[in-house]
Each structure stands twice: as C-alpha cells, then as structure tokens.
Amino acid sequence: MEEIKLHKPLNKKYGLHKNKKLMNSQNNLYHYTKIDTIFGIDKRSLAIFRVCLGLIGMYDVWERWPDIKAHYTDEGFLPRSVVTDHYWNQSWFSLHLMGGTIGYMKLLFVINFAICFLLTIGWRSRMMMFLNYIFIMSIQARNNVVGHGGDVYMRVISYFGMFLPIGAVFSVDSAFKRGQLQRESKRFSVTNLATVAAILQVSFLYVFSYMHKTGDEWRVDYTASFYALQLDYFRTFLADFIVNFPNVLKVLTYSVLYYEGYGMLACVFPVWTSEIKTLGAMGFTMLHIGFAMFMRLGIFSPVCVTGTLLLYPAWFWDKIFNRLRRNREWVDFKIYYSGRLGYYITGLVSTFFLLPDVEVGPFPHNIDDESVVSTKLDTQSNPIILNGANINPTVNLTTVSQHQHQYQQYHNQSSIYTNGVVETSNIYPGNTSNWIYTKDHKGIKYTGFKALVSICKASPLLWYLTPFLHIRFIAASVKRLMNLISKILVSLYELKSNRPYSNSNISSTTDSTMMFNESTPDEAAHFHRQLQKKWKIWKIFKKVFLNGLAILSIYLALGWNCSSVQCVIPVTVPQSLNGFALALRVDQQWSMFSPRPPQSHWWYTFEGELDDGTPMELWNNDGLFTWKGNIAPYSRDKPDPYPSCIGNHRWFKVYENLNSGNGYELIRLGLGRWVCREWNLRYQGDDRLYKFNIIYRNEKQNLDNTRSPLNDIVLWTHVCYDKST
C-alpha cells in the first residue's frame with residue numbers, strides 16, 4: 001500500500017501559524033535597526049504589559065471593595081456634594097459620581113473587574129484598555145483624597161497603552177485573526193510616534209523623580225534611605241534588618257538617586273544597543289523589586305515593574321524563544337483541529353500555552369490511512385491514541401476501513417466549510433472530546449485527554465503539570481471537567497446554530513465557496529477591491545490620529561512635569577491646553593520622598609465619650625475597622641502592630657491628608673461624621689458615641705536610630721448629636 005502523508009497546514013488560508021520549517025528558516029529574518037531598538041516596543045513586551053495591567057486592575061478592584069461605603073458613597077466620609085464643591089475640576093469625568101448608593105458602586109466595581117479580566121486575556125484588547133482607562137479616571141476623580149503615586153502611574157501608562165498593539169500576541173484577539181487580514185511576520189518590534197511617547201512617559205517617572213530629590217539627605221549625606229526605611233507603615237522585616245548597616249544604606253541612596261536620573265541613558269546607548277538596553281531595563285525592574293522587598297508601597301511597585309516591561313527590546317525576547325526552540329518536544333509538535341470548536345480550542349491553546357511555532361492545521365481527512373500504514377510499519381514507536389486509548393496494533397484492515405468509511409460518511413453528511421474551517425463537531429459521531437488531535441516529536445498521535453497531556457508536556461509554560469496529570473484521581477477529574485466543558489460548548493454551539501431566522505449556514509457556505517473558487521465573479525471582485533481600499537484608508541487615518549494624539553499627549557505631560565521643576569529646556573503648556581491635559585488626565589508630578597523623605601512618625605488617638613459618659617478610645621487595636629473601642633484606661637502610645645490600625649494604602653492617604661493635606665478641614669469633618677454614623681448604627685442607648693477628639697501624635701527620627709517625642713495636636717473635636725434634643 002502506498003503511504004499517504006498528512007496534509008500540510010494551509011497556513012496562509014487559515015491564518016493560524018506558519019509551517020515549522022519556514023519558521024525556523026526565517027528565525028533571524030529581521031535584524032532590527034538601532035532606531036527600532038531604542039524607540040520601538042516589542043509586541044511580546046506589550047502582551048505581558050497588558051496581562052500585568054489587567055491583573056493589577058483586578059487586584060485594585062478587590063482591594064477597594066471593602067471600602068466602597070466609606071470611600072465612594074454618599075454615606076462615606078466624602079459624599080458627592082463635597083467632591084463637586086471642593087475636590088472637582090470641570091475637565092474631569094466620573095461614572096462614579098452619577099450615583100451615591102452602595103448598590104450602584106458595587107455594579108460599577110463588578111463591571112470594572114470584568115473589563116480588567118477581558119483585558120488580561122486580550123479580548124478586544126484596545127477597547128478593553130480604553131474602558132479600563134475610563135474606569136481608572138472615573139474612580140480617581142470620585143475620590144482623589146485616597147489616591148497615591150501608584151494610581152497616577154497606573155492611569156498614565158494605561159492611557160498611552162491605548163495607542164499600542166497590546167493584543168498583537170498572547171491574546172484572544174491574536175488567536176482568531178481572520179486569514180485574509182492576518183499577515184504572519186517575524187517582526188515583533190513596533191516603532192512609531194506612539195511607542196516614542198510611551199517610552200518617554202516611562203522615563204518621566206525616573207528623570208523627574210530625580211529632579212525633585214533636592215534635599216541634602218539625597219545629595220549630600222545620603223541618608224535618605226535610612227529615613228525612608230524607618231517609616232513604620234512602609235517598612236518590612238527586611239528593612240528592620242538592613243537599617244543596621246548605615247554604609248550600605250548610603251550606597252543604596254546614591255544608587256537609587258543616580259540610576260533614576262541617568263539610567264535611561266542605557267536605553268539609548270549607541271554601541272551594543274540591544275544588550276545594554278536589556279541591562280538597563282533589568283536595572284529598573286530590579287529597582288522596583290528592591291523597593292517592594294523593603295517597603296510596603298501598595299500597587300506602586302507592581303505598576304512600575306509593569307512600566308519597565310516596555311523597555312525590553314526584541315533582542316531579549318528573541319534570545320529567550322530561540323533557546324526554547326532547542327527543545328525538540330516543542331519544535332516538532334503538531335496540532336490539528338476538527339470543526340469550528342476545535343478551531344477555537346487550537347487557537348487558544350497555541351496562543352496562551354506559548355506554542356506559536358508548532359505546526360497547526362485542519363484535521364487531515366486521510367488520518368485513518370496513515371494510521372494503518374504507521375501501525376503496519378512501526379507498531380511500537382508510532383501508535384495512534386484516540387481518546388486516551390491505544391488502537392490495537394494488530395487490528396485488521398477491514399475494521400480500520402469500516403472506521404474510515406464511517407468517518408467519511410459522517411463527514412459528508414454533517415461537514416460544511418466556514419472561512420476555511422471544516423465544520424465537524426467530532427472526529428467520530430458521538431465523540432465530543434476529539435476536537436483537537438496532536439502529534440508529538442516521536443510521531444505518536446493523541447486526542448482527548450491524552451492530547452491535553454501532550455500539549456502540557458510540549459508547552460514551555462505548563463510542562464511541570466505533566467506528572468500531576470498522570471495521577472489517577474487528577475486525570476479522572478480533568479476528564480470529567482473536559483466532558484462537562486465539551487457538553488456546554490456543544491450545547492451553546494447548537495443553540496447558536498438553531499436560532500430562528502438564522503442564515504449563518506447559508507452565508508458561511510457561500511463565503512467558503514467563494515474562498516475555494518479560483519474564478520471569483522467580477523462584481524464580487526470589484527466589491528472586494530472597494531472594501532480593501534476603504535479598509536486601507538481607515539487604517540491610515542487611524543494610525544495618523546493615534547500617533548498624533550500620542551505625541552500631543554506626551555508634550556502635555558512633559559509641560560506638566562516641567563511646571564513643578566526647573567527643566568534644562570523650558571517647556572510650557574499654553575493655558576488654553578490645560579483643560580485638555582486635565583481631561584485626558586495626563587497631569588502628573590513625581591515627587592515621592594521629595595525633596596527629602598519624612599523624618600517624623602505619626603499615629604492617632606480618637607478619644608471619645610459615650611452617651612453615659614464612659615471614656616472610649618476608638619483608633620487603637622484596629623478600632624475603626626472592628627468598631628470595638630478601647631475602654632479606659634487605654635494607651636496613648638504608638639500601637640503595635642501599627643499598620644493594621646491604619647489599614648490599606650488608601651486609608652493611609654486619608655490619615656496623611658487629615659493632618660496636612662489639601663482641604664484637611666473638610667476631611668476631618670467628613671471623617672467625624674462617618675465615625676459617629678457607623679458607631680451609632682451598631683450601638684444604642686448608653687453605648688452610643690456622643691463626641692470624640694482626633695489627636696495627632698508624632699515623634700522625630702534621629703540618625704542614631706533613636707526617636708524624640710514631639711507635641712501632641714488636637715486636630716478636631718466632633719460632637720455626634722445634641723443631648724438637649
């Protein structure tokens with residue numbers, strides 16, 4: 001019998017991936033210029049950038065959730081009327097100001113979380129980034145009292161991320177690109193005005209932070225790190241250890257200051273540009289990892305690490321993926337699909353499991369013929385495994401022919417072509433797990449659960465899961481889950497296919513007929529040319545608009561930064577554009593720990609009186625979170641543990657602004673009303689809170705690692721109700 005080989009995938013037709021050999025031959029097709037390396041951004045960097053922003057966004061929503069009532073509703077310390085009268089700019093926009101109830105806020109938070117999730121997986125990536133940016137602007141405008149530097153950086157890099165192809169790789173968008181619109185390319189670097197703007201925005205964080213650090217603690221005696229790591233709320237257990245080495249702290253101060261100021265020069269180095277830019281990017285990444293190790297900075301550290309991802313050049317990723325290509329299990333792996341559901345699954349698997357170079361194509365029609373030959377010629381090394389079970393190598397040709405005839409008959413009855421995808425839901429009737437078929441580097445073929453195991457084994461991301469999938473109870477659980485998912489997918493697909501008045505099958509058949517017909521009618525060809533012409537015009541207009549807006553935005557950001565420091569080249573934004581800059585929310589100022597770190601430590605006591613005259617302290621021992629006060633005699637010393645009394649970083653900003661922030665009297669009034677309302681909702685009669693004082697207590701940090709007490713200050717006295725009424 002003549003050997004029948006597997007069909008090679010029609011990659012250009014199906015638009016999934018190139019043939020493996022072609023990919024390997026073009027491994028070094030593109031040699032990026034220095035302009036690309038310096039001002040370009042790699043698509044793989046953008047993919048990880050997108051994933052990190054989505055994950056941080058979901059975490060941020062989760063962290064804010066317990067404080068919805070206190071921070072974002074009319075029952076909290078900052079109702080909408082106070083925001084619009086005192087903390088609002090006419091150029092801002094906020095969905096969160098359109099309602100003041102807890103239910104409305106929870107709905108917005110759920111929508112925001114869903115948007116961040118879709119951004120993470122890369123579904124409609126640019127649209128999700130835009131919506132994510134809208135929600136970031138909205139919630140920050142609703143309550144900017146609780147905002148910090150991490151929120152500002154999250155906002156601006158999300159804004160410039162909208163101009164970049166963040167969904168080009170490692171996304172749902174890239175998994176299902178249409179063949180006629182996709183242009184496979186090994187060129188991963190993107191260079192345009194938008195990438196220049198994004199890189200400049202990353203550099204602004206460091207350069208202007210350096211320019212703001214003008215105190216002697218930074219530039220003369222290098223004690224800034226000592227003071228920063230002494231701050232009780234921020235310091236970690238590693239900080240407790242390293243503060244005992246003052247000379248090391250001076251080296252750290254010097255290194256942080258001048259790397260922030262001049263580290264970006266490594267990204268524009270004229271010699272060995274790719275290598276040195278990679279080292280420079282790693283330096284900034286490690287800088288923020290170091291900050292996170294020694295200080296609790298909320299989302300600031302992960303957001304800044306995310307920003308540094310834009311600095312990694314294509315050379316860095318090429319080195320990683322070229323090394324991965326040495327693994328034969330990955331390079332010689334093949335995936336085939338059956339039906340539209342198999343097409344979807346294959347696209348997702350090859351995209352998210354980092355299998356971009358594997359050979360992908362539709363399920364070969366002559367699979368049974370090859371199985372017979374393979375079984376006959378090499379029964380040990382080349383078996384075919386269907387649904388996790390080996391076909392008996394001694395099977396006779398009559399049985400196999402019956403299977404082949406059964407498959408062909410089923411295929412003829414139920415298959416249609418849609419966009420080049422064979423519409424068969426299974427390999428054999430009644431089999432819902434054979435949507436994908438894999439072939440490993442040894443030539444062994446798998447479907448069903450065994451196909452999943454082979455994919456995990458070949459994946460550079462999931463290889464470590466392979467031993468666990470061989471454990472019996474895990475394998476059984478995964479099989480049950482796969483069956484459940486397959487039934488759900490089939491039900492959804494049948495529901496979609498059986499919709500009333502649905503003409504999808506008719507249009508799909510017509511499109512596929514035109515796709516495989518070499519002689520397209522003149523009218524259709526003319527329509528196609530007109531459509532392509534309009535598409536090209538739209539793409540050109542979109543590129544010009546996005547790049548122009550990106551450059552204008554980075555100019556506004558530069559002018560805003562230069563307004564707070566003395567720039568070498570003075571840049572001023574015309575007064576007429578200030579409103580536009582505030583509307584885009586590219587306003588920013590990077591003055592963290594500037595001009596010097598704080599040199600005092602503070603805490604509060606909320607000393608109150610109940611309705612029956614009982615003294616009660618409310619702040620210590622997490623009192624404002626548990627609503628369990630401290631009955632006299634209570635301690636006025638700094639609580640231990642200290643950070644839990646403050647709460648998260650948003651509450652830290654509330655207490656920080658309570659003492660010296662903008663409009664602090666309004667914050668004191670709002671917080672006083674909030675404490676009275678929440679306490680008296682929980683206690684009745686004599687246990688009601690009648691009044692309390694907010695007392696600010698602080699101490700000065702000395703270089704010899706001692707602290708000197710300072711005078712206490714009564715910031716606010718609040719009376720909850722009038723006893724005479």
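Here full-length UniProt numbering is used: the first residue of the sequence shown is 1, the next is one more, and so on.
C-beta: ideal position from N, C-alpha, C; glycine also.
Tell me the residue span of the alpha helix (DSSP H) that contains Ser708. Numbered from its first residue, the sequence shown carries residue 708 at position 708. It is not in any alpha helix (DSSP H) - Ser708 instead sits in the beta strand (DSSP E) that spans Arg707 to Pro709.
Phe473 to Ile335, Cα distance in whole Å? In the sequence shown, the residue the question calls residue 473 occupies position 473. In the sequence shown, the residue the question calls residue 335 occupies position 335. The straight-line gap from Cα to Cα measures roughly 26 Å.
Short of 8 Å in beta carbon distance, which residues of its chain neighbour Val156, apart from the five on each side in sequence? Order them along the chain. On the sequence shown, residue 156 is found 156 positions in, with the first residue counted as 1. So the qualifying residues of the chain are Gln201, Ala557, Arg585, Val586 and Gln588.
Is Ile537 buried or exposed, if buried means 16 or more other CB atoms sit within 10 Å of its CB? The count along the sequence shown starts at 1 and reaches residue 537 at position 537. Ile537 should be labelled exposed.
Restricting to Cα atoms, I'd like to know which of Met211, Asp611 and Glu617 is closest to Ser724. Looking up residue 724 in the sequence shown gives position 724. Closest in C-alpha terms to Ser724, from the list Met211, Asp611 and Glu617, comes Asp611.
Is the beta carbon of Arg50 sitting closer than 8 Å to the one on Phe188? Translated into positions along the sequence shown, residue 50 becomes position 50. Translated into positions along the sequence shown, residue 188 becomes position 188. No, these two residues do not count as a Cβ contact at 8 Å.
Mind checking whether Asp173 and Glu329 have CB atoms under 8 Å apart? Locating residue 173 in the sequence shown gives position 173, counting from the first residue. Locating residue 329 in the sequence shown gives position 329, counting from the first residue. Contact: no.
For Gly361, three-class secondary structure by DSSP: In the sequence shown, residue 361 corresponds to position 361, counting from 1. Reduced to three states, the DSSP call for Gly361 is strand.
For Asp216: DSSP bridge partner residues: For this step, residue 216 is matched to residue 216 along the sequence shown. Note: Asp216 is not bridge-paired with any residue in the DSSP secondary-structure output.
Give the straight-line distance between the Cα atoms of Ala451 and Ile320, rounded to the nearest whole angstrom. Locating residue 451 in the sequence shown gives position 451, where the first residue counts as 1. Locating residue 320 in the sequence shown gives position 320, where the first residue counts as 1. The straight-line gap from Cα to Cα measures roughly 26 Å.
Who are Gln701's beta bridge partners in DSSP? Reading the sequence shown from its first residue, position 701 is the one you call residue 701. When beta bridges are read from the DSSP output, Gln701 appears opposite Arg707.
Distance between beta carbons of Ser459 and Phe353, contact taken as under 8 Å: Mapped onto the sequence shown, residue 353 falls at position 353. Mapped onto the sequence shown, residue 459 falls at position 459. At roughly 4 Å, the Cβ-Cβ gap stays under 8 Å, so Phe353 and Ser459 are in contact.
Gly161 and Leu78 - do their beta-carbons sit closer together than 8 Å? Residue mapping note: residue 78 aligns to position 78 of the sequence shown, counting from 1. Residue mapping note: residue 161 aligns to position 161 of the sequence shown, counting from 1. Annotated as distal: Leu78 and Gly161, with beta-carbon spacing of 8 Å or more.
Among residues of its own chain, excluding the 5 on either side of Arg547, which ones have a beta-carbon nearer than 8 Å to its beta-carbon? As a first step, residue 547 is located in the sequence shown; it is residue number 547 there, counting from the start. Correcting the residue type first, residue 547 is Asn in the shown sequence and not Arg. Only residues of its own chain outside the window of five on either side were considered, and among them Phe163, Asn192, Leu193 and Ala194 have a CB closer than 8 Å to the CB of Asn547, listed in chain order.
So, at 6 Å on beta carbons, what are the nonlocal neighbours of Ser425 in its own chain, with the 5 sequence-adjacent residues on each side left out? By one-based count along the sequence shown, residue 425 stands at place 425. Unreliable placement is indicated for Ser425, whose pLDDT of 39 sits below 50; the coordinate value is still reported in the next sentence. Excluding the 5 residues flanking it on each side, Ser425 has same chain C-beta neighbours closer than 6 Å at Gly339, in chain order.
Specify the secondary structure class of Phe316 as computed by DSSP and reduced to three states. On the sequence shown, position 316 is the one that residue 316 refers to. Helix at Phe316.
Using C-beta distances below 6 Å, list every residue in its chain close to residue 727, excluding the 5 sequence neighbours before and after it, in chain order. Any property of residue 727 remains undetermined from this structure, which presents the chain solely from 1 to 725.
Simplified DSSP assignment, three categories, for Val196: Mapped onto the sequence shown, residue 196 falls at position 196. Looking at Val196 - three-state DSSP - the assignment turns out to be helix.
Tell me where the beta strand (DSSP E) around His288 begins and ends. In the sequence shown, counting from the first residue as 1, residue 288 sits at position 288. Premise fails: His288 lies in the alpha helix (DSSP H), Thr273 to Phe294, not in any beta strand (DSSP E).
Given Leu238, which residues of its chain have a CB within under 8 Å of its CB, disregarding the five upstream and five downstream residues? By one-based count along the sequence shown, residue 238 stands at place 238. If we look at Leu238 and ignore the five residues flanking it on each side, its Cβ neighbours are Met293 and Phe294.
Considering just the uninterrupted stretch of the alpha helix (DSSP H) at Pro615, what are its terminal residues? Locating residue 615 in the sequence shown gives position 615, counting from the first residue. Secondary structure note for Pro615: it is in no alpha helix (DSSP H), and the uninterrupted beta strand (DSSP E) holding it is Pro615 to Glu617.
Count the other CB atoms within 10 Å of the CB of Trp535; is the residue buried (16 or more) or exposed (fewer)? Stepping through the sequence shown from its first residue, residue 535 is reached at position 535. Only exposed fits Trp535, as fewer than 16 other CB atoms lie within 10 angstroms of its CB.
If distances are taken between C-alpha atoms only, which option among Thr717, Val146, Gly307 and His288 comes closest to Tyr153? Stepping through the sequence shown from its first residue, residue 153 is reached at position 153. Of the listed residues, the one whose Cα sits closest to Tyr153 is Gly307.
Does Asp637 pass the burial test, meaning 16 or more other C-beta atoms within 10 Å, or should it be called exposed? Working through the sequence shown from its first residue, we reach residue 637 at position 637. Exposed, by the Cβ-count rule.
What are the complete alpha helix (DSSP H) segments, minimum 4 residues, inside the segment 659 to 703? Counting only runs of 4 or more, we get 664 to 682.
Are three or more beta carbon pairs between the segment 117 to 129 and the segment 262 to 278 nearer than 8 Å? No, they do not touch.
Same chain, Cβ closer than 7 Å to Cys720, five either side skipped, listed in chain order: As a working mapping, residue 720 is identified with position 720 in the sequence shown. Around Cys720: Cys676, Asn680, Leu689, Tyr690 and Lys691.
Does the Cβ-Cβ distance between Gly559 and Val573 come in under 8 Å? Position 559 of the sequence shown, counting from 1, holds the residue named residue 559. Position 573 of the sequence shown, counting from 1, holds the residue named residue 573. In this structure, Val573 lies closer than 8 Å to Gly559 by Cβ.
Can you list, in chain order, the residues of its chain with a C-beta nearer than 7 Å to that of Pro313? Leave out the 5 residues immediately preceding and following it. Within the sequence shown, residue 313 is the residue found at index 313, counting from 1. Cβ neighbours of Pro313 beyond the five flanking positions: Thr37, Asp42, Ser274, Lys277 and Thr278.
Nearest residue (CA-CA) to Met282, options Asp151, Ala266 and Ala583: To locate residue 282, count along the sequence shown from 1; it is residue 282. Nearest C-alpha to Met282: Ala266.
Does the Cβ-Cβ distance between Val243 and Gly150 come in under 8 Å? Start at 1 with the first residue of the sequence shown, and residue 243 comes out as number 243. Start at 1 with the first residue of the sequence shown, and residue 150 comes out as number 150. It is not a contact, given that the beta carbons lie outside the stated cut-off.
In angstroms with no decimal places, state the Cα-to-Cα distance between Asp722 and Val82. Along the sequence shown, read from residue 1 onward, the residue named residue 722 stands at position 722. Along the sequence shown, read from residue 1 onward, the residue named residue 82 stands at position 82. If you take the alpha carbons of Asp722 and Val82, they lie about 23 Å apart.
Can you grab the Cα-Cα spacing for the pair Ser576 / Phe284, in whole Å? Stepping through the sequence shown from its first residue, residue 576 is reached at position 576. Stepping through the sequence shown from its first residue, residue 284 is reached at position 284. Between the alpha carbons of Ser576 and Phe284 lies a distance of about 36 Å.
Just confirm the distance between the C-beta atoms of Trp435 and Leu341, as a whole number of angstroms; I'd bet it's less than 8 Å. Here residue 435 corresponds to residue number 435 of the sequence shown, with the count starting at 1. Here residue 341 corresponds to residue number 341 of the sequence shown, with the count starting at 1. The Cβ separation is near 5 Å, so the contact holds.
Is Tyr233 closer than 8 Å to residue 751 when the C-beta atoms are compared? No answer is possible for residue 751: the residues shown for the chain start at 1 and end at 725.
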